[in-house]
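*Asks:* Numbering (this note's numbering), first residue to last: 1299 to 2037.
By construction, the Cβ of each residue, glycine as well, lies at the ideal position given by its N, Cα and C atoms.
As the structure is a computational prediction, the values presented were derived from the model and not from experiment.
Once you've had a glance at the structure underneath, I'll fire off some questions.
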Amino acid sequence: MTDRESLDFYNQVETKRRQVMEQRSSMMSGSVDEEVDWTKYEPPEALQKLPNITSETIIAVVQSSLVNIKNQIQAEQLRAQEQQSVVLEEAEAEAAAAAAEAENGKSKERASPDGIKRWVDPRRPAALPTPPSSIDFTHPPLDMKPQRRSRFGISRILRHVRGNSETSKSETHSSSHALTRSTPLHTRIPASTDLPPTPFTQSIYKRFVKPPSPGSAPQGEQQQQHQQQVECVSCFDDVPKKDAVKAVCHHYCRDCFARLIRTAVDNEAQWPPKCCLNPVPFRTIAKYAPRDLLASYRLRAEEFGTPIESRLYCPQPDCGAWIRKTSSRHDAATRTATCSACGHAACTMCRGAAHPADESCPQDRDTLLADRLAEEEGWRRCARCGVLVEHREACQHMTCRCGAEFCYVCGSAWRTCACTLAHLTEYKGRAAARRAERAAEEEAEMGELAEALRLVAEFEREEERKEEVRREEARRRREERRRREAEERVRREEARRAEMARKYEELRGTLAKLEELQRMVLDYGHDREMEGLAARAAEEKAKLAGEQDVEKREIRADAAAKVAERGKLFDGEYAVRVAWEKQLEGEYERIVSLFWSDKVDGPPIAREAVRVFRRQNDRHMDEWLEWKNGEMEKMRYLLDDEVAVREELMENSRRRLGERLEGEQAQAGWKQRAERRWFELVVEERKRLLAEVEVVERENGGEDDSPASGSGVSLESEGGWETEDEFDDFGDFEVDIER
1299 MTDRESLDFY
1309 NQVETKRRQV
1319 MEQRSSMMSG
1329 SVDEEVDWTK
1339 YEPPEALQKL
1349 PNITSETIIA
1359 VVQSSLVNIK
1369 NQIQAEQLRA
1379 QEQQSVVLEE
1389 AEAEAAAAAA
1399 EAENGKSKER
1409 ASPDGIKRWV
1419 DPRRPAALPT
1429 PPSSIDFTHP
1439 PLDMKPQRRS
1449 RFGISRILRH
1459 VRGNSETSKS
1469 ETHSSSHALT
1479 RSTPLHTRIP
1489 ASTDLPPTPF
1499 TQSIYKRFVK
1509 PPSPGSAPQG
1519 EQQQQHQQQV
1529 ECVSCFDDVP
1539 KKDAVKAVCH
1549 HYCRDCFARL
1559 IRTAVDNEAQ
1569 WPPKCCLNPV
1579 PFRTIAKYAP
1589 RDLLASYRLR
1599 AEEFGTPIES
1609 RLYCPQPDCG
1619 AWIRKTSSRH
1629 DAATRTATCS
1639 ACGHAACTMC
1649 RGAAHPADES
1659 CPQDRDTLLA
1669 DRLAEEEGWR
1679 RCARCGVLVE
1689 HREACQHMTC
1699 RCGAEFCYVC
1709 GSAWRTCACT
1719 LAHLTEYKGR
1729 AAARRAERAA
1739 EEEAEMGELA
1749 EALRLVAEFE
1759 REEERKEEVR
1769 REEARRRREE
1779 RRRREAEERV
1789 RREEARRAEM
1799 ARKYEELRGT
1809 LAKLEELQRM
1819 VLDYGHDREM
1829 EGLAARAAEE
1839 KAKLAGEQDV
1849 EKREIRADAA
1859 AKVAERGKLF
1869 DGEYAVRVAW
1879 EKQLEGEYER
1889 IVSLFWSDKV
1899 DGPPIAREAV
1909 RVFRRQNDRH
1919 MDEWLEWKNG
1929 EMEKMRYLLD
1939 DEVAVREELM
1949 ENSRRRLGER
1959 LEGEQAQAGW
1969 KQRAERRWFE
1979 LVVEERKRLL
1989 AEVEVVEREN
1999 GGEDDSPASG
2009 SGVSLESEGG
2019 WETEDEFDDF
2029 GDFEVDIER
């Protein structure tokens, strides 16, 4: 494929990508299903089902498409929040500007002392910089008593953590300047000022400020007491200034200052004592440190002032003291030093224990070479100072520059041996023989070295000639190999592009089949969901109807039972009343007949009286019967009303159940529409990602990946992705996607 064809293909892919992005933007903006906010719903599970999919490219595209859509949703939400915050800030700024403008309009009109409002030019400066409302004369302006702060206050700790940086100073200055604008006038006056009061302030103080009480201290003394209190930078305690130690930039109490010096003396990493990375001057230490600590400080100053490579410590494990470099402790002749603490000697060369007098330090290479040369030349060492001495002429009597006298033949002190001139001649002859033998050996070694150098030069010339021949042959072979590799690259590139086109055509087909399968699974799941909701709704309605029918029968049966029971009570009462009335009538008839039995026309009168009594009883009985019927009717009405109320409640329950089921169906419908929107967006995102992968692989090349292996391009907007084979059971669906 030529470069022109690659460019055309790239332009086609970019055009398709822009179309997909515009379509997705229009879908995400809410042009479809305006009443459903699909971003509040999770993506459907069908989008994550990958049956029989082994291609890493397809798996990566499927996983990355979901991640990208979620990231875009989050970006849109953040953008909307930022726009809302910007709108709120603009509204607040407009409101503040309007309030400031209104305040400025009011300030232009000021009241004069005589009560007449006068117009004041806003360009004219005010007489006082502070508004009258901010002046507070209830307290004296200079009565500022020092307040004892908490030792471990969070604000003080944070202030010390911030330190004395310029940023903190600038922040403190800006915050204090901001507070000044909203602080009463008397708190703005500094604690110590040398400016004399004006006549105006004197008159104001005389009128409004109360004089201090006789028992209170003057303000100047209070300020002086406040100024004499300083804070220790280490323990944060307030201490009198006269008892504090002023270091380079902070104050310390005596204990903390001694602890600072002792820490530096005990630990070389903390040396010298510092305050905010600034060394504490020696005069301050000498003035405030205790005597024993000052003595330790002087010794440590001398020790730590010596370079560490020049220091010598006692080699004894139980001592380890520093050995000062003084003439009385160091012996240059024997190269030893004596510890002043324990008296042990140390070697100044190897820094270990001192060696015997007749042995040299193994690490003193120069001394070993000098001893070897002295043995070959016949030199002797002075028994006192150890310096080498060479014999030129005269006898064996030698006198060193240190004043020591010794025999040159045996090295003993003078006049303690029996050596003669013959012994001296023999000793010097043996030294001359050793010198001649050494010269002969050196001459032989030089001859052998010259011959070896000649052979090496000849060998190098031969090797250089052979290397030139090999380089020429290698250059010819490289050129030939490059030509063959270029031809092979062209052939492989053509084959790769053809294979890549075939592979991505198969991948697009696989993606289309996967889309069809997932859409079918999505529709099937939606259908099953709606059928389940309908079945559950019918079941709940039938169950509620059955329960309500049973409840109705129970309510009506209960009402009938209550009516029957009340009727039985009234029937019993009626029988009792009838019997009682009969008894009363009999008694009344007997009494009346007895009363009128001896009277003229008595029986008719008695019968009339009995008849009147019976009519009264009948009237009372009729009234009771009427009352009984009313009570029964009232009871029936109340029971019927209770039954009606219960039935109305049942009807409300049926209506609420219907509304709830309708709401669930509506929610399910919104969820299904949101999931369809998710599905469409994810499908378009998959197509775009697959096109981008194809462009990247086409332009950058790479290994020949089969459709099963896919490509190793990361597709997610943020982070990487991991592949994981999934084999899901779809129930009645058996799908075989051919690759």
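1) Whose CA, out of Phe-1602, Arg-1609, Cys-1554, Leu-1751, lies closest to the CA of Ile-1583?
2) How far does the alpha helix (DSSP H) with Phe-1555 in it extend, from its first residue to its last?
3) Might you give, ordered along the chain, the residues of its own chain that have their beta carbon closer than 8 Å to the beta carbon of Lys-1338, omitting 5 neighbours on each side?
4) Tell me which residues share the same chain as Phe-1868 and place their Cβ nearer than 6 Å to its Cβ, disregarding the 5 neighbours each side in the sequence.
5) Tell me, which residues are paired with Phe-1602 by DSSP?
6) Does the beta-carbon distance from Trp-1712 to His-1695 come in below 9 Å?
7) With DSSP collapsed to three states, give me the class of Asn-1350.
8) So, Leu-1345 versus Gln-1816, is the Cβ gap smaller than 9 Å?
9) For the segment 1869-1945, list the alpha helix (DSSP H) runs that are entirely contained and at least 4 residues long, ordered along the chain.
10) So is Gln-1965 buried or exposed if we call it buried at 16+ other beta carbons inside 10 Å?
11) Given this structure, state the Cα-to-Cα distance separating Asp-1564 from Leu-1558, to the nearest angstrom.
12) Report yes if the CB atom of Thr-1636 is closer than 9 Å to the CB atom of Arg-1649, and no otherwise.
13) Three or more beta-carbon pairs under 8 Å between the segment 1805-1824 and the segment 1352-1359, yes or no?
14) Which residue marks the beginning of the beta strand (DSSP E) containing Thr-1636, and which one marks its end?
15) Identify, in the order they occur along the chain, each residue of the same chain with its Cβ nearer than 7 Å to the Cβ of Gly-1887, setting aside the five sequence neighbours on each side.
16) Using the C-alpha atoms, what's the distance from Thr-1604 back to Tyr-1706?
17) Spatial neighbours of Ala-1904 within its chain, please: CB distance less than 6 Å, with the 5 preceding and 5 following residues excluded, ordered by chain position.
18) Would Arg-1633 and Cys-1617 be called neighbours here (beta carbons separated by less than 9 Å)?
19) With a 10 Å radius around its C-beta and 16 neighbouring C-beta atoms as the bar for buried, classify Trp-1336 as buried or exposed.
20) Sort Arg-1794, Lys-1811, His-1653, Leu-1988 by Cα distance to Lys-1347 and report the nearest one.
21) Comparing C-alpha positions only, which one of Ala-1755, Glu-1940, Ala-1873, Pro-1342 sits nearest to Lys-1850?
22) With a 10 Å radius around its C-beta and 16 neighbouring C-beta atoms as the bar for buried, classify Lys-1985 as buried or exposed.
23) What are the partner residues of His-1628, as DSSP defines its beta bridges?
24) For Phe-1534, which of helix, strand or coil comes out of DSSP?
25) Residues in the same chain with beta-carbon distance under 7 Å from Arg-1912, minus the five sequence neighbours each way, listed in chain order, please.
26) DSSP three-state call for Gln-1527: helix, strand or coil?
27) What did DSSP end up calling Trp-1620 once you bin it into helix, strand or coil?
28) Determine which residues share a DSSP beta bridge with Phe-1704 and list them.
29) What whole-angstrom Cβ distance do Arg-2043 and Arg-1996 have, given they're in contact under 8 Å?
30) To the nearest angstrom, report how far apart Arg-1679 and Glu-1607 are at their CA atoms.
31) For the beta strand (DSSP E) that contains Ala-1344, what are its first and last residues?
32) Which same chain residues end up closer than 7 Å to Trp-1620 when comparing Cβ atoms and leaving out the 5 residues on each side of it in sequence?
33) Name the two residues that bound the continuous beta strand (DSSP E) containing Ala-1716.
34) Report buried or exposed for Ala-1836, applying the criterion of at least 16 other Cβ atoms within 10 angstroms of its Cβ.
*Replies:* A quick look at the data gives this:
1) Cys-1554
2) 1552-1564
3) Sequence-distant Cβ neighbours of Lys-1338 in its own chain, meaning closer than 8 Å and more than five residues away, are Ala-1972.
4) Lys-1926
5) Answer is none; Phe-1602 lacks a bridge partner.
6) yes
7) coil
8) yes
9) Runs found: none.
10) exposed
11) For Asp-1564 and Leu-1558, the distance between alpha carbons rounds to 10 Å.
12) Contact: no.
13) Segments in contact, yes.
14) 1634-1636
15) One detail in the question is off: residue 1887 reads as Glu in this sequence, not Gly. Within its own chain, the residues whose Cβ lies closer than 7 Å to the Cβ of Glu-1887, once the five positions on either side in sequence are excluded, are Val-1908, listed in chain order.
16) 42 Å
17) Val-1890, Ser-1891, Trp-1894
18) No, the pair does not count as a contact, with Cβ atoms beyond the cut-off.
19) Residue environment: Trp-1336 is assigned as buried (16 or more neighbouring CB atoms within 10 Å of its CB, all protein chains considered).
20) Lys-1811
21) Of the residues Ala-1755, Glu-1940, Ala-1873, Pro-1342, the one whose Cα lies closest to the Cα of Lys-1850 is Glu-1940.
22) buried
23) Ala-1635
24) coil
25) Close CB contacts of Arg-1912 within its chain, under the 7 Å cut and outside five residues either way in sequence, are with Glu-1883 (chain order).
26) strand
27) strand
28) Met-1696, Ala-1711
29) There is simply no residue 2043 to check, as the chain begins at 1299 and stops at 2037 in what is shown.
30) 30 Å
31) Ala-1344 -> no beta strand (DSSP E), and no H or E assigned at all.
32) Cβ neighbours of Trp-1620 beyond the five flanking positions: Glu-1601, Arg-1609, Tyr-1611.
33) No beta strand (DSSP E) contains Ala-1716, which DSSP labels as neither H nor E.
34) Under this definition Ala-1836 is an exposed residue.
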